[in-house]
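Counting in our numbering, the sequence shown tops out at residue 445, every number present. All C-beta atoms in this analysis are idealised placements derived from N, C-alpha and C, irrespective of residue type, glycine included. Computed from a predicted structure; not experimentally measured.
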Amino acid sequence: MRISTAYPQQLNANSMFVQQGSVNESQMKISSGKKYLSPSENPSAAAYSLNFKQSIGEANQHQENIATVNQRLSLEETTLASVVEGIQRLQELAVQGANDVNSLNARNAIASEFDQLNEYLISLANTKNANGEYLFSGTKSTVMPFTKIAQTAANTITDPTANFIEAANGAAGITEKNYTIGSAGGDLKVSYNMDAVPDKMDIYVNDQLMTSTKNAVLGAGTLMIPTAALPAGAKVKVVVGGADSTSWRFNVSYSGGITEDGTTPGAGATVVEAQSIVTPPTEAIPTAFKYSGSAVQRAIQVGTSRTITDGDTGSSVFISTSTGKSLFDTVQNFANELRADKPTSDSFNELDNAFLQVTSIRSNIGARLNALDKQKVSNEDFIINAKTALSQIEDLDYATAITNLNSQQMSLQAAQQSYVKVQGMSLFKYL
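As structure tokens, this is what we get:
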């Protein structure tokens, strides 16, 4: 083997380079706190690390979703608590209004409070969250859930009778006819003959609804108002509507005599017969409530295999599952019945059912909030365990790393000292 002066110097230089590389690598690992500086050092560990990071990221997103859903459900729970209080007040007023000792004026006052509470309930149903989204519109969160429906109007009837003052107005498919009673003389009777079944027939005295019925049938029928509600000079208005017709006809008469109508006293005198409806619809007035939101609620991912809806649709909260009638229509109808001095058991039942429906959904919100709390704890445990496993794969053992670094630095120093000594040697000294 041939040996030159440069050979031992090269060996020592290579040794120093190797030792210096080891020292640099150890220093970089200590600086980063990671076992591996690149995936190629341990491909299997790198793959596990990537999977854990993805799982932790998903779990963190689930935690953010839980916080969002929690806020929305908490707002809904608070809102429904106010709705329940409003319905309870309506139930109290309903019992009070149904008492037979109430005068018509007293029932009118109760009906006015019904109207105010109805407006309050509608405002609650149209509540927005902090992001400006409607709480009860489902997936259509930018659409106001509940609005008043407008019907187009007016079909005019004329009255040729000189003894009574006529004013014509109305709403789409709705006919109104006004009369002024000359003197009191018995129960008011409205006789009708319909060629189409109307949705309603309402009778007002001095602009107060006295009776409202949906039982008007095809052909002939009658509606009655007691004498006590008809003072002399009362202004009576009959409203019929809700179906297409060209020949609705009705008479208004007293069961007792009317002295100023020109007919035979005491004979159940006929006041007037209406002419046929001839005028097309032209005007609009609000008459009911419409739900414009979605029937579908958003389902939010809160766990690896779990979703929870972030609220409830207005249709599921405020529209009866049995009758299809909204809470607001129920309240409005009850107020009308009070003004007509005839509250019905159906309206009581509808209020009770609305109360049960809202409280049931409110209880379900509580269950969902509890489920969110449990899922949050579960996600936290998963994140902790996943981070622990990830740490075992990635994180550096500083004690071992520092010991290795010290050993590598000593080896580097030895290599450097050896190089200095070898560098001063030459074969020419032995010639």
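*Between residue 124 and residue 101, what straight-line distance do the alpha-carbon atoms span, to the nearest angstrom?*
So the alpha carbons of these two residues sit roughly 14 angstroms apart.
*Can we say the region 88 to 107 touches the region 139 to 159, given the rule of at least three CB pairs closer than 8 angstroms?*
Enough Cβ pairs lie closer than 8 angstroms, so yes.
*Using the Cα positions of residue 404 and residue 155, report the straight-line distance between them to the nearest angstrom.*
C-alpha of residue 404 to C-alpha of residue 155: approximately 40 angstroms in a straight line.
*Identify whether residue 148 lies in helix, strand or coil by the three-state DSSP scheme.*
Reduced to three states, the DSSP call for residue 148 is strand.
*Could you tell me which of 375, 409, 380 and 415 sits nearest to residue 59, measuring between CA atoms?*
Residue nearest to residue 59 within the set 375, 409, 380 and 415 is 409 (criterion: CA-CA distance).
*Euclidean distance between Cα positions of residue 66 and residue 132*: Roughly 54 angstroms separates the two Cα atoms.
*Does the beta-carbon of residue 31 have 16 or more other beta-carbons within 10 angstroms, so that it is buried, or is it exposed?*
Exposed: under 16 other Cβ atoms inside 10 Å.
*asked:* Whole angstroms are fine: how far does the CA of residue 218 sit from the CA of residue 129?
replied: Spanning the two alpha carbons is a distance of roughly 17 angstroms.
*Secondary structure of residue 142, DSSP reduced to three states*: Residue 142 falls in the strand class under three-state DSSP.
*Keeping to the same chain, check which residues put their C-beta closer than 6 angstroms to that of residue 371; ignore five residues upstream and five downstream.*
There are no such residues.
*Report yes or no: do three or more beta-carbon pairs, one from the region 104 to 124 and one from the region 313 to 327, lie closer than 8 angstroms?*
Taking 8 angstroms as the limit for Cβ pairs, the verdict is that the region 313 to 327 does not touch the region 104 to 124.
_Proximal residues to residue 333 (C-beta, below 8 angstroms), its chain only, five neighbours per side dropped_ = Take residue 333, set aside five residues on each side of it, and the residues of its chain with a beta-carbon closer than 8 angstroms to its own are 305, 339, 340 and 341, in chain order.
*With DSSP collapsed to three states, give me the class of residue 62.*
Here residue 62 sits in helix by DSSP.
*Is it true that the CB of residue 316 sits closer than 8 angstroms to the CB of residue 152?*
No, the Cβ-Cβ distance between residue 152 and residue 316 is not below 8 angstroms.
*Just the C-alpha distance for residue 446 and residue 56, rounded to the nearest angstrom, thanks.*
Outside the displayed range of the chain (15 to 445) lies residue 446, so it cannot be described from this structure.
*asked:* What does the alpha-carbon distance come out to for the pair residue 347 and residue 361?
replied: The alpha-carbon of residue 347 is positioned some 8 angstroms away from that of residue 361.
_Short Cβ contact (8 angstroms threshold) for residue 422 with residue 33_ = It is a contact, given that the beta carbons lie within the stated cut-off.
*asked:* Short of 7 angstroms in beta carbon distance, which residues of its chain neighbour residue 113, apart from the five on each side in sequence? Order them along the chain.
replied: Within the same chain, no Cβ atom closer than 7 angstroms to the Cβ of residue 113 is found once the five residues on either side in sequence are excluded.
_Is residue 128 close to chain C? Criterion is C-beta to C-beta, closer than 8 angstroms._
The question asks about chain C, but that chain is absent: this structure has only one protein chain.
*Sheet register partners of residue 340 (DSSP bridge)*: The partner list for residue 340 (beta bridge, DSSP) reads 333.
*Sort 89, 62, 80 and 344 by Cα distance to residue 145 and report the nearest one.*
Ranked by how close their Cα comes to the Cα of residue 145, the residues 89, 62, 80 and 344 have 89 in first place.
*Distance, Cα to Cα, residue 111 vs residue 134?*
Rounded to the nearest angstrom, the two C-alpha atoms are 20 angstroms apart.
*Opening and closing residue of the beta strand (DSSP E) in which residue 311 lies*: Unbroken run through residue 311: none, as it is neither H nor E.
*Could you work out which residue in 77, 38 and 42 is closest to residue 395 when comparing CA atoms only?*
It is 77.
*From residue 120 to residue 83, what distance separates their C-alpha atoms?*
Roughly 45 angstroms between the two C-alpha positions.
*Among 414, 42 and 149, nearest to residue 8 - alpha-carbon criterion*: Because the chain spans 15 through 445 in this model, residue 8 falls outside it and cannot be assessed.
*List the endpoints of the continuous alpha helix (DSSP H) containing residue 402.*
Segment 359 to 408, the alpha helix (DSSP H) holding residue 402.
*Going by C-alpha distance, which of 420, 367 and 122 is nearest residue 98?*
If we check each option's Cα against that of residue 98, 367 comes out closest.
_Pop quiz: residue 157 and residue 47 are said to be a contact at Cβ under 8 angstroms. What is the actual Cβ separation, rounded to whole angstroms?_
So it is not a contact: roughly 52 angstroms between Cβ atoms.
*Of the residues 418, 400, 407 and 425, which one's Cα is nearest the Cα of residue 68?*
Measuring C-alpha to C-alpha distances from residue 68 to each of 418, 400, 407 and 425 identifies 400 as the nearest.
*For residue 221, which of 357, 353 and 62 has the nearest alpha-carbon?*
The option with the nearest alpha carbon to residue 221 is 353.
*Rounded to a whole number of angstroms, what is the C-alpha to C-alpha distance between residue 260 and residue 302?*
Here residue 260 scores only 44 on pLDDT, less than 50, and its place in the model should not be relied on; the value that follows carries that caveat. Near 24 angstroms, if we compare the C-alpha coordinates of residue 302 and residue 260.
*Measure the C-alpha to C-alpha separation of residue 44 and residue 314 and round it to an integer number of angstroms.*
Answer to the nearest angstrom: the Cα atoms are 42 angstroms apart.
*asked:* Please identify the residue among 406, 412, 369 and 126 whose C-alpha is closest to the C-alpha of residue 63.
replied: Among 406, 412, 369 and 126, the Cα nearest to that of residue 63 is on 406.
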